[in-house]
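For the sequence shown, the UniProt record's numbering gives the first residue as 1, with consecutive numbering after it.
Below is one structure, written out as structure tokens; the observations come after it.
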Amino acid sequence: MPNDPTLSYDDLNAAVAGSSAALRLTLKLEAVSPKVFPPTYEGGKYATEDRNINGQKIPCVLLDSVPSQANRMELALQDAIDGGLFQLPLVSVNFAAVDNPGLPKITSLQAPHRIADAILRDSTIGEGKKPAKFRESEIGKELDKLSAGYATPLLGYAPHCLVFGMWDSTGPRGGLGVKFARALVSEIIGVNAVPGVTSSSRIDPLNIRVNSGTLYKAKGGGWTLDSELAEKDPKTKKAVLLGKDGKPSEANHGNVTPDLVYRKDKNGNLVLGDSERPVMMVVFDNEQERGHKYVIRDERKPIAKGGFTIDYAEQTTVLSLPALRRLRFPAKSGEKSTPEGDNAARTYLAALGLLGATLAVEAGYDLRSRCLLRATNAVTWHLLGKPGDADKPFALDKIAAIELYNKALAAVQKAKLPVHLEEIVLTPSADLVTLVKKSMELAAAEAGTED
């Protein structure tokens, strides 16, 4: 509500130190276009399920998953840091040695597994002829000691890992590496989701016909109409057709007849089944005529891939305070932490999570092509206190969230906990650089011969 008080540092610190359960944000969103297109999964599937809303079972579809929301918040934090709005401990890898790498550097906010990612693992720190591998450096060795009782290294070098979660599966302990559960989770669903259909077509302005000529795979990439200039099959010595049949469509020429778009599996085969006929039917025929035999009649149909119409979308974001209270921040591994230091660090992490969520909300909801949403209600966080307490509403916008974060950062520094605000810059190993360059070459070659 417009008159809700702004969440202050004292409010947040008291909530973290006490027995409050969580901070929760619920936003109602509208689809800007009549139809939304959710993310697709293996086999072109959408993540659909029935949910109990106001006592009724309502069909819903997942529009943005928990991992995707975490990534959006991390990218929002990175954009704000790049804009000089605040400071945050980061470890990055500088790819200046790679010509046009796509990203000049990758930070622990951008790497898929955060500070435990293989990109950082396969990089070095320091100067000289034999710089140390990151995980063999002093910082890396501290990461090897991580636990819920010693989360101090992550607080100092990558605190977002304690907010959005981390599994050190690429470290020296492999699958037995330390895990930190997400303290902040968020997802967006579409409510009362009705599946639709969509079509695809293409009109070629050159009006190239299917029988205009046979296309061959050219030597060195691309295509040719001259069989003498084509690649030759090593066994038959015949010219190799472009694609499956050498038609102009294999080179993206010619018209595409309008048709519905259907789900396909990873091999390009149509996915069959629908809500009425999800599986093949086993039909028992007349025993006298068939001699106690049965036949399988496949009544399934191709499943259309056409997005959904929804009544509305809903985003739910929850910051778990008990998850933060499990963390301890002693000065060294094996030592005891102090209540003051622990609470300052936990409050800092809570402020960081709220900042990431707030920045992502204000960045908007253009989730993907044909999935643009808009919030219809004000951003109001609710503090869920101990059992029996009424929820307390708080307002929090971008300016207030940055101010809250900076106060929490100052409190951590006052508690003498290590927070390294100067970015730690790593250098990719020679093998990693070679791997990136080779991948770029292969990608360029594939782009030149794409169907």
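Even glycine gets a Cβ: it sits at the ideal position worked out from N, Cα and C.
query: Close beta carbons around P38, own chain, < 8 Å, minus the five adjacent residues each side; result: Y46, A47, V61, L62, L63, G190, G307, F308, C371
query: Under 8 Å between C-beta atoms of T124 and L426; result: yes
query: Every unbroken beta strand (DSSP E) inside the stretch 371–399 [3 residues or more]; result: 371–375, 380–384, 392–395
query: Distance, N377 Cα to K336 Cα; result: 45 Å
query: Contact under 8 Å by Cβ, D368 with L29; result: A quick correction: the sequence has Arg, not Asp, at residue 368. Contact flag unset, no.
query: G356 vs M166 beta-carbon contact at 8 Å; result: no
query: Residue range of the beta strand (DSSP E) that includes R24; result: 22–31
query: Cα-Cα separation, L404 to A411; result: 11 Å
query: Neighbourhood of L25 by C-beta distance below 6 Å, restricted to the same chain and skipping five residues each side; result: T317, W381
query: Beta-bridge pairing of K52 - partner residues as DSSP gives them; result: Note on residue identity: the sequence assigns Asn, not Lys, to residue 52. Per DSSP, K57.
query: Element boundaries [alpha helix (DSSP H), containing K45]; result: Per DSSP, K45 belongs to no alpha helix (DSSP H) and is neither H nor E.
query: Bounding residues of the beta strand (DSSP E) (the contiguous stretch that carries S8); result: No beta strand (DSSP E) holds S8; DSSP gives it neither H nor E.
query: Through-space distance from P205 to N255, alpha-carbon basis; result: 9 Å
query: Every unbroken alpha helix (DSSP H) within the stretch 230–259, with a cutoff of 4 residues, ordered by chain; result: none
query: Reduced DSSP category for R368 - H, G, I as helix; E, B as strand; rest coil; result: strand
query: Sheet register partners of S320 (DSSP bridge); result: A22
query: Local conformation of D451 per DSSP, three classes; result: Note that D451 scores 36 on pLDDT, short of 50, meaning its location in the model is unreliable; the coordinates nonetheless yield the value given after this. Coil at D451, not helix or strand.
query: Cut-off 7 Å between Cβ atoms - residues of its own chain near G44, not counting five sequence neighbours on either side; result: R263, K264, V271, K305
query: Distance, V98 Cα to V433 Cα; result: 7 Å
query: Residue of G364, L155, Y312 minimising C-alpha distance to L75; result: G364
query: From P387, A118, T358, residue whose alpha carbon lies closest to that of residue 475; result: A query on residue 475 cannot be resolved here, the shown segment of the chain reaching from 1 to 451 and no further.
query: Under the three-state DSSP convention, the category F308 falls into; result: strand
query: For Q315, three-class secondary structure by DSSP; result: strand
query: Spatial distance of G353 from K179 (CA atoms); result: 18 Å
query: Option nearest L324 by Cα separation, candidates V16, Y41, A401, D11; result: V16
query: Within 8 Å, strictly: CB atoms of A158 and R114; result: yes
query: Per-residue DSSP class, three states only, for K179; result: strand
query: Bridge-paired residues (DSSP) for D64; result: I188
query: C-beta contact flag for L7 and F394 at 8 Å; result: yes
query: N- and C-terminal bounds of the alpha helix (DSSP H) containing N267; result: First-last for N267: undefined, no H or E at that position.
query: DSSP beta-bridge partners of K432; result: Position check: residue 432 holds Leu in this sequence, whereas Lys was assumed. Per DSSP, none; premise fails for L432.
query: Reference E49, options I58, Y41, G83, closest by Cα; result: I58
query: Sub-8 Å separation of I310 and N211 beta-carbons; result: no
query: Residue burial classification, T107 (beta-carbon count within 10 angstroms, cutoff 16); result: buried
query: CA-to-CA distance, G196 to I208, given in whole angstroms; result: 32 Å
query: Three-state secondary structure (DSSP) of residue 526; result: Nothing in the structure corresponds to residue 526, since the chain is present only between 1 and 451.
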